[in-house]
Every structure is written in structure tokens, then in C-alpha cells.
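Structure record follows, encoded as C-alpha cells.
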Amino acid sequence: MIKVFICEDNDVERDSLCKGIENVILIEEYDMRVEIVTANPHDILDYMKKSEDTTSTGLYFIDVELGSDINGIELAAKIREYDPMGFIVIITSHVGTMPTVFTLKVEPLDFINKGDLFNFRNNVEICVKHAYKRYTEKSKERHNALTFKHDGRLNVVKFSDIISIETSATRNSHKLRLTTLNRIYEFRGNLKDIILKLNDSFIRLCQSYLVNKIHVDNFDISNREIIMTNGTGFSVPAMYMNATKKALQEI
């Protein structure tokens, strides 16, 4: 699902924008809903800080001038920290703000000129349709990726990049340690739930960890140990040996 967020401090323009978006959603029967319509940028940031949703994507329509302690460009930059995969549409009558957007690496989906009243509604419709098209394309890609929250941010990691997933060594922390080709994440969760989200490239070696068989460098059968491409070794309990051998033969 795409959740739509609107931040515009002009009451009339905010209501008009909301109705236009809702009409597109209704007519096209998109899997979308308007989540927050506000003049206060902190309403959106507070929502994102508290949200545990890792399955939805955001579409944000943000006016540059908000009459708040942060402007629309600053809001967009903060949103990007929490929702790196979201779609941001900057609404402005000041073309000069565009360089700032790129400096802050907001990566907007589009700019809409408020001064172009004749094309404004049509441009909003185009943005909604374009965002939904890209969302459906990304959804297909996410079937081969794991999505989780880490340090308050939504992360999407391709299955092919994951080397191993282990329960944290910290007792009763209910955290997982995920090792990829480039970094290590720790986040709340348990292996039982994670396994349901993974594909058949992963082997569970015991109750505490699983590995991605495409990153297995070698399997020392005599010592019951699997060595990964990053040099990490994992012992394989006797009761898991046959299943592990079979899984590795299927690479």
C-alpha cells in the first residue's frame, strides 16, 4: 500500500489537493489511502518516528513554504531519513528552491508549480499515477528482499546480499544480527518470523542462526563447520548435518 501525506499550510489549497488525490485513488482503484493532511510538518515526522509499518510506501506532497520552524525542503530531507524508498513531490512557486533540494539529496519524484493553476490538478494526477506505477515495479523487486526497521529507519536488503542472520548474543534482547556484504544490522525480531520472509537460498543451521547458501565458501564436514565468503565460521549441530548437506547440494 501507498500512504499519502500532505503538508500544506494554506487551508483552501490543502483541501483541494487532498480531494484531487482522493479522486485519482477512487477512479483508478489504487491500493492507496490518504494518511495525514496537515499544515504542521511535525505531524508527519512524529507519525514516522512512531510507526512500525515496514510494508507500506509513502507518497509525500510537500509545500516549500510552511510557516513553521522547518520549511518543506527540510521536512523532505528528514522524511528521506525515515523513508528512503518513499516518493516526494515538492510543491512550490519558487523555482530557485530546486538546487537546495538536490544539495540535501531529497531525490524528489517531481516538482509542481503552484503558480500554474491551469495544469496544477493534472500534474498532481500524473504524480499519483507515476508513483503507483513505480511502487508496483518496486513491489515485484521486494519479493527478493528483506524489509526491516533499523535505528528508526526502514531498510530493504536484497536476499542475495545477506550472508547470515543470527540471534543477538545479548541475553533476552530479542534482537537479530544481520550480516551483509557491506555492513551489519541489529534489529528487533526473531528467526521464526524472519524465515517466513526469506526464499529457499537460506539454511537454518541451528536454533540461533541461518546462512545464505550462495555465500558458503566451504563446508568442513569432518569438523561440522560452514565457512562463509566473509570468513565467518558457523558450527553445524549433528542433528542438522543431513539437512545442511542436502541444501548445499541444491545450489
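Residue numbers (the numbering used here): 13 to 263. Ideal Cβ placement from N, Cα and C applies to all residues, glycine included. Computed from a predicted model, the values in this text were never measured in an experiment.
For residue j and residue i, the rounded distance between their alpha carbons
i	j	result
Tyr42	Ile124	22 Å
Ser68	Asp232	42 Å
Lys9	Cys30	This structure leaves residue 9 out entirely; the chain is present only between 13 and 263.
Asn167	Met44	21 Å
Cys139	Glu77	20 Å
Asn156	Asp65	19 Å
Asn221	Gln261	First, the amino acid is wrong: residue 221 is Tyr here, not Asn. If I take the Cα positions, the gap works out to 20 Å.
Ile207	Ala89	34 Å
His186	Asp163	15 Å
Contact under 8 Å by Cβ, residue i with residue j
i	j	result
Thr192	Asp173	yes
Ile91	Met60	yes
Ser180	Val223	no
Thr256	Val248	yes
Asp75	Gly84	yes
Val46	Ile33	yes
Ser80	Pro120	no
Phe130	Val101	no
Leu203	Phe171	no
Residues of its chain near residue i, where Cβ-Cβ distance is below 6 Å and the 5 sequence neighbours each way are ignored
i	result
Leu71	Ile14, Val16, Phe99 and Ala143
Arg189	Glu178, Ser180 and Glu198
Asn230	Ile239
Gly245	Glu237 and Ile239
Proximity to residue i [Cα-Cα], best of the options
i	options	result
Ala259	Glu119, Val36, Tyr147 and Ser213	Ser213
His227	Cys218, Gly201, Arg133 and Gly243	Gly243
Lys161	Arg200, Tyr147 and Gly32	Arg200
Met251	Asp229, Lys225, Arg216 and Gly245	Arg216
Ser63	Lys150, Val169 and Arg165	Arg165
Ser234	Ile196, Cys218, Asp23 and Met253	Met253
Contacts around residue i, its chain only, beta-carbon distance under 7 Å, and the 5 residues preceding and following it disregarded
i	result
Arg26	Ile18, Glu20, Val49 and Ala51
Asn135	Ile124
The alpha helix (DSSP H) enclosing residue i, as first and last residue numbers
i	result
Asp27	Asp23 to Glu40
Gly84	Gly84 to Tyr94
Ala157	Ala157 -> not in any alpha helix (DSSP H); beta strand (DSSP E) instead, spanning Ala157 to His162.
Leu57	Pro53 to Lys62
Asn254	Met253 to Gln261
Extent of the continuous beta strand (DSSP E) run through residue i
i	result
Phe205	It should be pointed out that residue 205 corresponds to Asp in this sequence rather than to Phe. Taken as a continuous stretch (DSSP letters only), Asp205 belongs to no beta strand (DSSP E), being part of the alpha helix (DSSP H) at Leu203 to Ile207.
Asp232	Val228 to Asp232
Met97	Taken as a continuous stretch (DSSP letters only), Met97 belongs to no beta strand (DSSP E), as it is neither H nor E.
Cut-off 8 Å between Cβ atoms - residues of its own chain near residue i, not counting five sequence neighbours on either side
i	result
Lys141	Val36 and Glu40
Lys126	Glu25, Asp75, Ile103, Thr104, Ser105 and Phe132
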